[in-house]
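Asker: The structure under discussion is supplied below as structure tokens; questions concerning it will follow.
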Amino acid sequence: MKFIIALVATLVACSEAVRFNIQNLDGGPIWIGIQGNPGKENLANGGFKLAQGESRSLDAASDWAGRFWSRTWCYEDQDNHCYTGDCGNKVECNGAGGTPPVTLIEITLNGYGNIDYYDISLVDGYNSMASIEPVNGNGDGGEYSCKQAKCATNINGQCPSELQILSPDGSQVIACNSAC
142 MKFIIALVAT
152 LVACSEAVRF
162 NIQNLDGGPI
172 WIGIQGNPGK
182 ENLANGGFKL
192 AQGESRSLDA
202 ASDWAGRFWS
212 RTWCYEDQDN
222 HCYTGDCGNK
232 VECNGAGGTP
242 PVTLIEITLN
252 GYGNIDYYDI
262 SLVDGYNSMA
272 SIEPVNGNGD
282 GGEYSCKQAK
292 CATNINGQCP
302 SELQILSPDG
312 SQVIACNSAC
């Protein structure tokens, strides 16, 4: 199984809000985790399920900051446990972060200099491909301003054995811990 979470940020109502369109582009079902930074809302109570090919839109304040991640290998019949990115055996994370290894999409809207910042981070390890693409952006920060950021390669096959997380039956690598 491989997973991709795609996040598209769309400006809504003259920058008073931002709409995030979250899509499950590949593989089986994933559970999305969302954690607002301190003092920021945990959108959608911090998480929800997305079937393969499904998408969901969320609106956020124009100064929202936080992270999104995909939780994979999740089982409702095992007390909502996810083998990667788990946030305490629940669908809605409600402020809890994802247990590494997990690929993070990090966003700060209207940050320093009134600029939106976003990245894909593997500091907590890797569990899925991910991308983020702003829509209707007007950045002037150079060639990478308002461009898609993505981790488009499944790196589990290159994960050193000592960092691997295996599927429940031990047959495949489903995530890779960070070496940090």
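If you read the sequence shown in this note's numbering, its first letter stands for residue 142, the second for the next number, and so on.
Each residue gets a CB set at the ideal place from its N, CA and C atoms; glycine is no exception.
According to DSSP, what are the bridge partners of C292?
Answerer: A271
Asker: Measuring straight from C-alpha to C-alpha, what distance separates F144 and N165?
Answerer: Because the pLDDT at F144 is just 47, under 50, the model does not fix this residue reliably, and the point stays unresolved.
Asker: Which term fits C223, buried or exposed, when burial requires 16 or more other beta carbons within 10 angstroms of its beta carbon?
Answerer: When all chains shown are included, C223 counts as buried.
Asker: Can you check the region 174-237 for any beta strand (DSSP E) of at least 3 residues that lies completely inside it and give the ranges in chain order?
Answerer: 188-191, 196-202, 206-216, 222-225
Asker: Cα separation between N251 and C287?
Answerer: 14 Å
Asker: If you check the beta carbons only, do C234 and Q176 fall under 9 Å apart?
Answerer: yes
Asker: Taking just the CA atoms, how far does N277 sit from T213?
Answerer: 31 Å
Asker: With 16 other CB atoms within 10 Å as the buried threshold, where does D265 fall?
Answerer: Answer is buried; the Cβ neighbour count reaches 16.
Asker: Helix, strand or coil: which one does DSSP assign to S302?
Answerer: Helix, per DSSP.
Asker: Measuring CB atoms only, is the region 224-244 touching the region 306-321, in the sense that at least three cross pairs come out at less than 8 Å?
Answerer: The region 224-244 vs the region 306-321: in contact.
Asker: Of all the options K181, N178, G194, which has the alpha carbon lying nearest to the alpha carbon of N162?
Answerer: Of all alpha-carbon atoms in K181, N178, G194, the one lying nearest the alpha-carbon of N162 is that of G194.
Asker: Which residues in the same chain have their Cβ closer than 7 Å to the Cβ of K190, if we skip the five residues on either side of it in sequence?
Answerer: P170, W172, V232
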